[in-house]
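Taking it in order: structure first as C-alpha coordinates, then the write-up.
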Amino acid sequence: MVEAGGPRHGASGAVEIRRAGPGDGDALGEIHAAAWQAAYAPFFEPGFAAHAVADRRTRWHRRVAEEAGEAGGVASGA
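Counting in my numbering, the sequence shown tops out at residue 255, every number present.
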(Lines of atoms letter the chains of each structure in order from A; the text may use other names.)
(Lines give C-alpha, C1' and ligand atoms only; values in the text may rest on other atoms or scores of the structure.)
Protein backbone atom coordinates (compact mmCIF):
# COMPACT_ATOMS: atom_id res chain seq x y z
CA MET A 178 0.00 0.00 0.00
CA VAL A 179 1.19 3.51 -0.73
CA GLU A 180 1.85 5.41 2.46
CA ALA A 181 -0.71 8.05 3.34
CA GLY A 182 0.48 11.51 2.66
CA GLY A 183 -0.08 14.57 0.57
CA PRO A 184 -1.83 14.77 -2.77
CA ARG A 185 -0.58 12.81 -5.76
CA HIS A 186 -1.10 13.95 -9.33
CA GLY A 187 -2.31 11.50 -11.93
CA ALA A 188 -3.84 11.62 -15.38
CA SER A 189 -7.15 12.92 -14.03
CA GLY A 190 -5.79 15.47 -11.56
CA ALA A 191 -4.83 15.49 -7.90
CA VAL A 192 -5.64 12.45 -5.78
CA GLU A 193 -5.21 12.22 -2.03
CA ILE A 194 -4.33 8.83 -0.53
CA ARG A 195 -5.21 8.47 3.14
CA ARG A 196 -5.87 5.76 5.70
CA ALA A 197 -9.38 4.34 5.71
CA GLY A 198 -11.59 5.54 8.55
CA PRO A 199 -14.96 4.53 10.02
CA GLY A 200 -16.80 6.75 7.53
CA ASP A 201 -15.35 4.76 4.62
CA GLY A 202 -17.02 1.45 5.51
CA ASP A 203 -20.02 1.89 3.19
CA ALA A 204 -17.94 2.81 0.14
CA LEU A 205 -15.37 0.06 0.73
CA GLY A 206 -18.14 -2.49 1.23
CA GLU A 207 -19.93 -1.45 -1.96
CA ILE A 208 -16.72 -1.61 -4.02
CA HIS A 209 -15.81 -5.04 -2.60
CA ALA A 210 -19.35 -6.37 -3.11
CA ALA A 211 -19.54 -5.14 -6.71
CA ALA A 212 -16.13 -6.61 -7.56
CA TRP A 213 -16.98 -9.96 -5.93
CA GLN A 214 -20.35 -10.11 -7.66
CA ALA A 215 -18.84 -9.39 -11.07
CA ALA A 216 -15.98 -11.87 -10.65
CA TYR A 217 -17.43 -14.78 -8.68
CA ALA A 218 -21.23 -14.73 -8.39
CA PRO A 219 -21.80 -16.55 -11.71
CA PHE A 220 -20.00 -19.61 -10.33
CA PHE A 221 -22.21 -20.05 -7.23
CA GLU A 222 -25.84 -20.78 -6.47
CA PRO A 223 -27.87 -17.54 -6.41
CA GLY A 224 -28.66 -17.80 -2.68
CA PHE A 225 -25.02 -18.22 -1.72
CA ALA A 226 -23.94 -15.42 -4.04
CA ALA A 227 -26.53 -13.01 -2.60
CA HIS A 228 -25.39 -13.81 0.95
CA ALA A 229 -21.72 -13.40 0.02
CA VAL A 230 -22.35 -10.01 -1.60
CA ALA A 231 -24.33 -8.83 1.46
CA ASP A 232 -21.51 -10.04 3.75
CA ARG A 233 -18.96 -8.00 1.84
CA ARG A 234 -21.12 -4.90 2.16
CA THR A 235 -21.10 -5.16 5.97
CA ARG A 236 -17.69 -6.63 6.71
CA TRP A 237 -15.78 -3.40 5.98
CA HIS A 238 -17.44 -1.47 8.80
CA ARG A 239 -16.15 -4.04 11.28
CA ARG A 240 -12.75 -4.36 9.66
CA VAL A 241 -12.04 -0.63 9.53
CA ALA A 242 -13.21 -0.18 13.14
CA GLU A 243 -11.19 -3.14 14.47
CA GLU A 244 -8.01 -2.20 12.68
CA ALA A 245 -8.29 1.54 13.43
CA GLY A 246 -7.51 2.65 9.90
CA GLU A 247 -4.92 -0.03 9.18
CA ALA A 248 -7.28 -2.00 6.91
CA GLY A 249 -6.37 -0.12 3.79
CA GLY A 250 -6.17 3.17 2.06
CA VAL A 251 -8.64 5.36 0.27
CA ALA A 252 -7.96 7.52 -2.75
CA SER A 253 -10.17 10.55 -3.18
CA GLY A 254 -10.23 13.40 -5.66
CA ALA A 255 -8.70 16.52 -4.19
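Positions of the beta carbon are idealized from the N, C-alpha and C atoms, including for glycine.
Cβ of residue i within 8 Å of Cβ of residue j?
i, j, result
"E198", "H238", "As written in the sequence, residue 198 is Gly, which differs from the Glu given in the question. Cβ distance not < 8 Å, so G198 and H238 don't count as in contact."
Of the residues the options, which one's Cα is nearest the Cα of residue i?
i, options, result
"R236", "I194, P223, P219, D203", "D203"
Would you mind reading off the limits of the beta strand (DSSP E) that contains residue i?
i, result
"A191", "190-196"
What three-state label does DSSP hand residue i in the structure shown?
i, result
"E244", "coil"
"E207", "helix"
"F221", "coil"
Give me, in chain order, the residues of the same chain whose beta-carbon lies closer than 7 Å to that of residue i; leave out the 5 immediate sequence neighbours on both sides.
i, result
"R234", "G206, E207, A210"
Enumerate in chain order the residues of its own chain whose CB-to-CB distance from residue i is below 8 Å, with the five nearest sequence positions on each side excluded.
i, result
"A212", "none"
"Q214", "A226, V230"
"Y217", "A226, A229"
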